[in-house]
Amino acid sequence: MAPPCRRDKERPSFARRLLRAREGSTAVEFAFVALPFFMLLFAILEIGLILVLDALVETAVTDTGRLVRTGQAQMQAVTEQEMMDKFCAQMSVFAGDCPSRAFMDVRVVNGFSNPLDASDPMFTGVFNSGLTEFQPGKPGDRIMVRVWYEHPIVTPFLAQALAKSGSGKVLLSTTMAFQNEPYQ
Numbered sequence: 001m002a003p004p005c006r007r008d009k010e011r012p013s014f015a016r017r018l019l020r021a022r023e024g025s026t027a028v029e030f031a032f033v034a035l036p037f038f039m040l041l042f043a044i045l046e047i048g049l050i051l052v053l054d055a056l057v058e059t060a061v062t063d064t065g066r067l068v069r070t071g072q073a074q075m076q077a078v079t080e081q082e083m084m085d086k087f088c089a090q091m092s093v094f095a096g097d098c099p100s101r102a103f104m105d106v107r108v109v110n111g112f113s114n115p116l117d118a119s120d121p122m123f124t125g126v127f128n129s130g131l132t133e134f135q136p137g138k139p140g141d142r143i144m145v146r147v148w149y150e151h152p153i154v155t156p157f158l159a160q161a162l163a164k165s166g167s168g169k170v171l172l173s174t175t176m177a178f179q180n181e182p183y184q
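Letter by letter, the sequence shown follows residues 1 to 184 in the numbering used here.
Shown next, in the form of C-alpha cells:
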C-alpha cells in the first residue's frame, strides 16, 4: 500500500471544513437575535406610546372637567357631543381617531364613598359604552367625569399581556371627581 499523498493530508475532510467554516456565521447569529430584539424594541416603543397617550387622556379630562366644575358647560348648555369635541381637541396628535375611540361619562354622584350603581358603565367590571351619561349637574353637586379610550395594540405578545378584553385593544381610563363650584 502506498503512503498517502502529501496533498491528501493537507486537505481536510468535508465535515472538518464545514465545522471550521465561519463565513455567514454572523448572519445566522443575527437571525437568531434579530426577531426577539425587534419585538422587544417595538414593545418598548408601544408601551412608551401608551404612557404618552395615557398622560394626554388625563390632561384632556382635567381640562374638559374644569368646564363642568366652573359651570361653563352648564351656562353655555354644552351638549355631550360638544363636550366630546372639546375633549378630542385636547388630544393633540391623537385627535383624529379620538371620536371613535373615546367614551365620556359625566354624572352626578350621591357620595364619593360608593359612587357606582347598576347604571354605571363599569358596574359589572366590564366596560359597557351604552351606559354612559352626560349630567353636568347644578352648583354644589358632586360630579364624576370619566373617559375610557380604546387604543389598538400592534405588538403581538404585548396584546396578550395588556388587552384584557380579547379585542387586541387596551382600555385606558381616567376619572376626575369634584364638587361643582357655586357659579351663577
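Think of the CB as a built atom: it goes at the ideal place given N, C-alpha and C, for glycine as much as any other residue. Fair warning: this is a prediction, and the values are worked out from it, not measured in the lab.
| glutamate 82, enclosing alpha helix (DSSP H) - first and last residue | 80-89
| query | At what residues does the alpha helix (DSSP H) containing proline 36 begin and finish? | reply | 25-69
| task | Could you tell me the boundaries of the alpha helix (DSSP H) in which leucine 158 lies? | result | 156-162
| task | Output the distance between the C-alpha atoms of leucine 35 and glutamate 23, rounded to the nearest integer angstrom. | result | 21 Å
| query | Going straight from the alpha carbon of threonine 26 to that of phenylalanine 14, what length do you get? | reply | 21 Å
| Sheet register partners of alanine 102 (DSSP bridge) | Tyr149
| request: With DSSP as the reference, label glutamine 179 as helix, strand or coil. | output: strand
| phenylalanine 123 - DSSP class collapsed to helix/strand/coil | coil
| query | According to the Cβ coordinates, are methionine 104 and methionine 84 closer than 9 Å? | reply | yes
| field | Simplified DSSP assignment, three categories, for valine 170 | value | strand
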